[in-house]
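S.K.: Position 332 of the sequence shown, counting from 1, maps to 332 under UniProt numbering, and the rest follow consecutively. So that we are looking at the same thing, I have put the structure below in structure tokens.
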Amino acid sequence: MFSWSKREGKKDPELFQNVSEGLKRLYRTKLFPLEDTYHFHDFHSPALEDADFDNKPMVLLVGQYSTGKTTFIRHLMEQDFPGMRIGPEPTTDSFIAVMHGEQEGMIPGNALVVDPKKPFRKLNAFGNAFLNRFTCAQLNNPVLESISIIDTPGILSGEKQRISRGYDFAAVLEWFAERVDRIILLFDAHKLDISDEFSEVIKALKNHEDKMRVVLNKADQISTQQLMRVYGALMWSLGKIINTPEVVRVYIGSFWAQPLLIADNRKLFEAEEQDLFRDIQSLPQNAALRKLNDLIKRARLAKVHAYIISALKKEMPSVFGKDSKKKELISNLGAIYEKIQKEHNISPGDFPNLKKMQELLAVQDFTKFPAIKPKLLESVEDMLGNDIAKLMTLVRKEEAAMPSQSVKGGAFEGIMNGPFGHGYGEGAGEGIDELEWIVGRDKPSYDEIFYTLSPINGKISGATAKKEMMKSKLPNTVLGKVWTLADVDKDGYLDDEEFALANHLIKVKLEGHELPAKLPAHLVPPSKRQEQN
Numbered sequence: 001m002f003s004w005s006k007r008e009g010k011k012d013p014e015l016f017q018n019v020s021e022g023l024k025r026l027y028r029t030k031l032f033p034l035e036d037t038y039h040f041h042d043f044h045s046p047a048l049e050d051a052d053f054d055n056k057p058m059v060l061l062v063g064q065y066s067t068g069k070t071t072f073i074r075h076l077m078e079q080d081f082p083g084m085r086i087g088p089e090p091t092t093d094s095f096i097a098v099m100h101g102e103q104e105g106m107i108p109g110n111a112l113v114v115d116p117k118k119p120f121r122k123l124n125a126f127g128n129a130f131l132n133r134f135t136c137a138q139l140n141n142p143v144l145e146s147i148s149i150i151d152t153p154g155i156l157s158g159e160k161q162r163i164s165r166g167y168d169f170a171a172v173l174e175w176f177a178e179r180v181d182r183i184i185l186l187f188d189a190h191k192l193d194i195s196d197e198f199s200e201v202i203k204a205l206k207n208h209e210d211k212m213r214v215v216l217n218k219a220d221q222i223s224t225q226q227l228m229r230v231y232g233a234l235m236w237s238l239g240k241i242i243n244t245p246e247v248v249r250v251y252i253g254s255f256w257a258q259p260l261l262i263a264d265n266r267k268l269f270e271a272e273e274q275d276l277f278r279d280i281q282s283l284p285q286n287a288a289l290r291k292l293n294d295l296i297k298r299a300r301l302a303k304v305h306a307y308i309i310s311a312l313k314k315e316m317p318s319v320f321g322k323d324s325k326k327k328e329l330i331s332n333l334g335a336i337y338e339k340i341q342k343e344h345n346i347s348p349g350d351f352p353n354l355k356k357m358q359e360l361l362a363v364q365d366f367t368k369f370p371a372i373k374p375k376l377l378e379s380v381e382d383m384l385g386n387d388i389a390k391l392m393t394l395v396r397k398e399e400a401a402m403p404s405q406s407v408k409g410g411a412f413e414g415i416m417n418g419p420f421g422h423g424y425g426e427g428a429g430e431g432i433d434e435l436e437w438i439v440g441r442d443k444p445s446y447d448e449i450f451y452t453l454s455p456i457n458g459k460i461s462g463a464t465a466k467k468e469m470m471k472s473k474l475p476n477t478v479l480g481k482v483w484t485l486a487d488v489d490k491d492g493y494l495d496d497e498e499f500a501l502a503n504h505l506i507k508v509k510l511e512g513h514e515l516p517a518k519l520p521a522h523l524v525p526p527s528k529r530q531e532q533n
């Protein structure tokens, strides 16, 4: 076990046995008192509970109807889950938390929000209209041993559907976004129109761009030329909504276990799926760091919120004219933001949305707001300045001490090993299963060049080889790696087999593949294999 300690005045040092315990204690003892005093939970986010720090990484799937959200989950797990419905029409009308359980079954929303072991208790605030549309599907699946997946209702277009939900759909998604490790926005290559509600949802997720990934699904149903146009249109549409210069990562493919309709871009789809799977597989390894990062973001917002509330309290009259002063302060909230920025040297990006804050303040009683309490703010400052740094060290130690964690099972197993693993038998891996030396196929043509270089005792020097290898126009850093791999016996010269190997590796690189860090066994020249054994 690892531990670190901190002193508060003359108190004995607190020992944190692990990152999860450290996060819980820091939140309870330092951040929660500030949040509670300044009514943070009424404005921004409900209080955190132990389950929020202990739960497995969660993946939130969001998209318009029939973009393949439920099919994507089915593809990952390679198993149906309770309550699953798939169809071209809007089928999933509920939030479904797909989680691991020894017994397969469904847990309704009202029972789910009273379970202290599940991180959903605070969803109770959204009322029965939401809880009747919230369920947990439990099943024994290896993928769910490492992550949980949240399936969401398909987003429809038009004002009518938004009103008829009976609960604040965007607010629910924002609640989930604060607590999940990855948000995947799915788009259908045939339906790129972003409805008003979808636009509102994306804006609600705006503070969580670091968690967002975009999937352009069903890309096998259009030609390469159409795909280029669709990709460009998607990036343009997202740029208008997210309104940031940074480009969101977009994965292109067909995420289901059916034959590709148009297989022209098969290699692209395989590479994109591999990248997305690798990103999802890394979530358990990075879960503690994500929770730490979210706590820091929350602490910075809580600190700014305290300054705003105390500034409003300070401006309020003690007896007369309270209502008119309240209206004046709300309308001048932007000026108050600027004043706090200058006084406390706070970045504008740390402040809550101005319009939303004005709406929330309109229903608050300013006379009940507390004045500034320096000790509470100092405690949070100490947490950010000292405790978090120590906890970060503990995160690194835990990562080093624990075996590599990644998501296993389901579709992830199909890409890990064997001939259907990504890149198997391609590039430097070509010929891995063949009895003959793969370089031997082109060796006669390489030999013609080799013997024009006037070898001495069957070998050419490094200087001679360099002149020939430079003709590839590859940078010296790459050619240097080729030389290191090809000079198998490390004598500073190349014989005919090593020269052929060097040319083969150059060819591999020119075809767009990466060079291996170590020469694979199947590429070792036949005459050198005995020496290596």
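In this text, a Cβ means the ideal position worked out from N, Cα and C, and glycines have one as well. No experiment lies behind these values; they were computed from the predicted model shown.
#1: Can you give the Cα-Cα distance for residue 176 and residue 498, rounded to whole angstroms?
#2: Grouping DSSP H, G and I as helix and E and B as strand, with all else coil, what is residue 67?
#3: What whole-angstrom Cβ distance do residue 255 and residue 68 have, given they're in contact under 8 angstroms?
#4: Considering just the uninterrupted stretch of the alpha helix (DSSP H) at residue 309, what are its terminal residues?
#5: Between which residues of its own chain and residue 150 is the CB-CB distance below 8 angstroms, once the five residues before and five after are set aside?
#6: When you compare only the Cα positions, how much space is there between residue 102 and residue 56?
#7: Can you find at least 3 beta carbon pairs, one from the stretch 503-520 and one from the stretch 424-437, that sit closer than 8 angstroms?
#8: Beta carbon of residue 535, beta carbon of residue 357: below 9 angstroms?
#9: Quick one: give me the first and last residue of the alpha helix (DSSP H) that residue 30 is part of.
#10: Leaving out five residues before and five after residue 145 in sequence, what residues of the same chain have Cβ atoms less than 7 angstroms from its Cβ?
#11: Starting from residue 100, trace the beta strand (DSSP E) in both directions and tell me its first and last residue.
#12: Buried or exposed for residue 477, going by 16 or more other Cβ atoms inside 10 Å?
#13: Count the other CB atoms, across all protein chains shown, that sit within 10 Å of the CB of residue 495; report buried if there are 16 or more and exposed otherwise.
#14: Taking the alpha-carbon of residue 596 as reference, which of 393, 266, 227 and 194 has the nearest alpha-carbon?
#15: Using 9 angstroms as the threshold, is the C-beta distance between residue 407 and residue 284 below it?
#16: Name the DSSP beta bridge partners of residue 393, please?
#17: For residue 93, which residues from the same chain have a beta carbon less than 6 angstroms from its beta carbon, with the 5 sequence-adjacent residues on both sides left out?
#18: Beta strand (DSSP E) containing residue 494: first to last residue?
#19: Give me the Cα-Cα distance between residue 460 and residue 454, rounded to the nearest whole angstrom.
#20: In this structure, how does DSSP classify residue 388 when only helix, strand and coil are distinguished?
#21: Considering only residues of the same chain and omitting the five flanking positions on each side of residue 516, which have a CB-CB separation below 6 angstroms?
#22: What beta strand (DSSP E) runs, 3 residues minimum, are completely inside the UniProt domain "EF-hand" (474-509)?
#23: Use the C-beta contact count for residue 182: other C-beta atoms within 10 angstroms, 16 or more gives buried, fewer gives exposed.
#24: Any idea what DSSP makes of residue 217, helix, strand or coil?
#25: Quick check: the Cα distance between residue 188 and residue 311, rounded to an integer number of angstroms?
#26: Residue 134 and residue 108 - do their beta-carbons sit closer together than 9 angstroms?
#27: Let me know the secondary structure DSSP gives residue 259 once reduced to three states.
#28: Is DSSP giving residue 191 helix, strand or coil here?
#29: Which residues mark the beginning and the end of the beta strand (DSSP E) in which residue 134 is found?
#30: Among the candidates 300, 336, 303 and 297, whose CA atom is the shortest distance from the CA of residue 314?
#31: Is residue 220 near residue 269, with beta carbons less than 9 angstroms apart?
#32: Counting only C-beta atoms, is residue 303 closer than 9 angstroms to chain C at any point?
#33: Please confirm whether residue 178 and residue 288 have their CB atoms less than 9 angstroms apart.
#34: Give me, in chain order, the residues of the same chain whose beta-carbon lies closer than 6 angstroms to that of residue 439; leave out the 5 immediate sequence neighbours on both sides.
#35: For residue 347 and residue 307, what's the separation of their Cα atoms in angstroms?
#36: Could you work out which residue in 301, 326, 250 and 524 is closest to residue 279 when comparing CA atoms only?
M.R.: Judging by the given coordinates:
#1: 57 angstroms
#2: coil
#3: 6 angstroms
#4: 283-315
#5: 58, 59, 60, 61, 95, 96, 97, 98, 176 and 180
#6: 16 angstroms
#7: yes
#8: Only positions 1 to 533 of the chain appear in the structure, and residue 535 is not among them; the question remains open.
#9: Unbroken run through residue 30: none, as it is neither H nor E.
#10: 100
#11: 95-100
#12: exposed
#13: buried
#14: With the chain covering 1 to 533 only, the question about residue 596 has no answer from this structure.
#15: yes
#16: Note: residue 393 sits in no beta bridge, so no partner.
#17: 153
#18: 493-495
#19: 7 angstroms
#20: helix
#21: 428
#22: 493-495
#23: buried
#24: strand
#25: 47 angstroms
#26: yes
#27: coil
#28: strand
#29: 134-139
#30: 336
#31: yes
#32: Absence of chain C from the displayed structure is noted, only one protein chain being present.
#33: no
#34: 500, 501 and 504
#35: 13 angstroms
#36: 250
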